[in-house]
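Below is one structure, written out as structure tokens; the observations come after it.
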Amino acid sequence: MKFLLLAAAFALAANAHFQLQFPDPRGAFNEDNEPTFCDGYTSVAQNRTDFPLDSGFFSLNSEHPQWTAAVYLSTSSNPTSFDDFEQIVPFFELKGEGLFCLSLNLSSTNATGLTSGQNVTLQFLYNGGDDQLYQCSDLTLLGNFSLSQSIDATCTNSTNSTNSTSSGSSSSSGSDPLASSLSLSGLIVWVVGTMAFLFM
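Numbers -16 to -1, 1 to 184, taken from mature numbering (1 follows the signal peptide of the UniProt record, and there is no 0), label the letters of the sequence shown in order.
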């Protein structure tokens, strides 16, 4: 019995994921396809998300205590493979579970020739240590465009975090030093682990 409880706890921890919150992902989250190109969605979304060339952001929900991520961009009208994408945000590492909101100023990345009205696709790579996971978002870029207050209000960090980029710089983010987020998988692991300890 103890072995089964511990095995369940480790299996839950190993199967943690991430969910892109904004910009809108290409389709509903599918954990079985997350290790594949664009979370298994190979067709461009019918409704692209309007996204600013300047002062944008992306947000995601992390289910790992420590993770790395990067952002890729494709200017193809219908990207169908990893080869259609160029890395525009270098790998960075963050610690903490929960919601994260990160700046994404497309005009200051290495992507060249981006213009207002252009259709692009972003691919977000996330690795919590167990596998590389992918989600895509299809966008229409707009100059002189500000995200609505309702979307801006979703840009919050639920945990204190420290991040570092591949260049070695680091910064801190978080709205409250006491705030923390325990994802559902983390809570289940804690409950199962506690039960295993109590019944030993």
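Just so you know, even glycine gets a beta-carbon here, dropped at the ideal spot from N, CA and C.
{"Asked": "Figure out for me which residue from ASP38, LEU57 and ASN141 has the closest Cα to the Cα of CYS22.", "Found": "LEU57"}
{"Asked": "Identify the residues that DSSP records as bridge partners of PHE69: which are they?", "Found": "PHE69 is not bridged to any residue."}
{"Asked": "To which residues of the same chain is GLN71 closer than 7 Å at the C-beta, ignoring the five residues directly before and after it?", "Found": "ALA54 and TYR56"}
{"Asked": "Within 10 angstroms of the Cβ of SER151, are there 16 or more other Cβ atoms? Answer buried if so, exposed if not.", "Found": "Its pLDDT being 40, under 50, SER151 is placed unreliably by the model, and the measurement read from it follows with that caveat. By the 10 Å Cβ count, SER151 comes out exposed."}
{"Asked": "Okay, do the region 71 to 86 and the region 122 to 133 touch, 3+ Cβ pairs below 8 Å being the bar?", "Found": "no"}
{"Asked": "Just reading off the beta strand (DSSP E) that ALA54 is part of, what are its end residues?", "Found": "50 to 58"}
{"Asked": "So, with DSSP's three-state summary, where would you put ASP38?", "Found": "coil"}
{"Asked": "Give the C-beta separation of VAL28 and ASP114 to the nearest angstrom, bearing in mind that I take them to be a contact with Cβ-Cβ under 8 Å.", "Found": "VAL28 to ASP114, Cβ: 29 Å. No contact."}
{"Asked": "Tell me ASN103's beta-bridge partners as DSSP assigns them.", "Found": "THR124"}
{"Asked": "State the Cα-Cα distance for the pair PHE66 and ALA137, rounded to the nearest angstrom.", "Found": "32 Å"}
{"Asked": "Assign ASN141 to one of two classes, buried (16 or more other C-beta atoms within 10 Å of its C-beta) or exposed (fewer than that).", "Found": "buried"}
{"Asked": "Can you tell me whether PRO7 is buried or exposed, with buried defined as 16 or more other CB within 10 angstroms of its CB?", "Found": "buried"}
{"Asked": "Kindly indicate the opening and closing residues of the beta strand (DSSP E) around SER27.", "Found": "Unbroken run through SER27: none, as it is neither H nor E."}
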